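S.K.:
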Amino acid sequence: MLDSIIAAALKIGTVPAAYQELVVAAGEVCPGVSAPLIAAQIEQESGWNPNATSPVGAQGLSQFMPGTWAELGRDANGNGVNSPFDPPTRSTHRRATTASSSPRSTPT
Numbered sequence: 000m001l002d003s004i005i006a007a008a009l010k011i012g013t014v015p016a017a018y019q020e021l022v023v024a025a026g027e028v029c030p031g032v033s034a035p036l037i038a039a040q041i042e043q044e045s046g047w048n049p050n051a052t053s054p055v056g057a058q059g060l061s062q063f064m065p066g067t068w069a070e071l072g073r074d075a076n077g078n079g080v081n082s083p084f085d086p087p088t089r090s091t092h093r094r095a096t097t098a099s100s101s102p103r104s105t106p107t
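Numbering (numbering that gives the first Met the number 0), first residue to last: 0 to 107.
1) I'd like to know whether the C-beta atoms of serine 82 and leucine 60 end up nearer to each other than 8 Å.
2) Please report how far the alpha carbon of valine 142 lies from the alpha carbon of alanine 17, in whole angstroms.
3) Is leucine 36 near proline 87, with beta carbons less than 8 Å apart?
4) At a threshold of 7 Å, does glutamate 27 count as lining the ligand NAP (C-beta to nearest heavy atom)?
5) With a threshold of 16 other CB atoms inside 10 Å of the CB of asparagine 76, please say whether the residue is buried or exposed.
6) Using three-state DSSP, classify threonine 67 as helix, strand or coil.
7) Would you give the residue range spanned by the alpha helix (DSSP H) that valine 55 belongs to?
What follows is the structure, encoded as structure tokens:
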């Protein structure tokens with residue numbers, strides 16, 4: 000099923016497998032920002048290199064400026080690292096999503 004969703008949203012082979020599910024999910028957040036648009040932005044900005052740094056200081060896969068990341072960035076994969084150089088992948092995203100949706104005990 001996921002393969003058919005990806006095929007409908009993205010041209011197969013244009014997004015690394017580790018990021019396909021995340022790009023498709025991100026493309027469902029805002030009607031004006033589709034998965035193919037997100038994929039094109041990442042391709043243009045970093046070439047899918049999570050360690051990319053631009054000459055002006057933009058960082059990571061989506062090329063966030065440090066000030067923007069400081070304000071809006073988050074630990075999307077739940078590993079305790081809040082960094083534009085540490086993007087979630089399909090497996091880390093699933094672990095973080097599972098952990099955040101697990102029932103939590105509340106003190107009595």
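Positions of the beta carbon are idealized from the N, C-alpha and C atoms, including for glycine. Please read all numbers here as calculations on a predicted model, not as lab measurements.
M.R.: Based on what the coordinates show:
1) no
2) Given a span of 0 to 107 for the chain in the structure shown, any question on residue 142 remains unanswerable.
3) no
4) This structure lacks the ligand NAP, and indeed carries no ligand of any kind.
5) buried
6) helix
7) Premise fails: valine 55 is in no alpha helix (DSSP H) and is neither H nor E.
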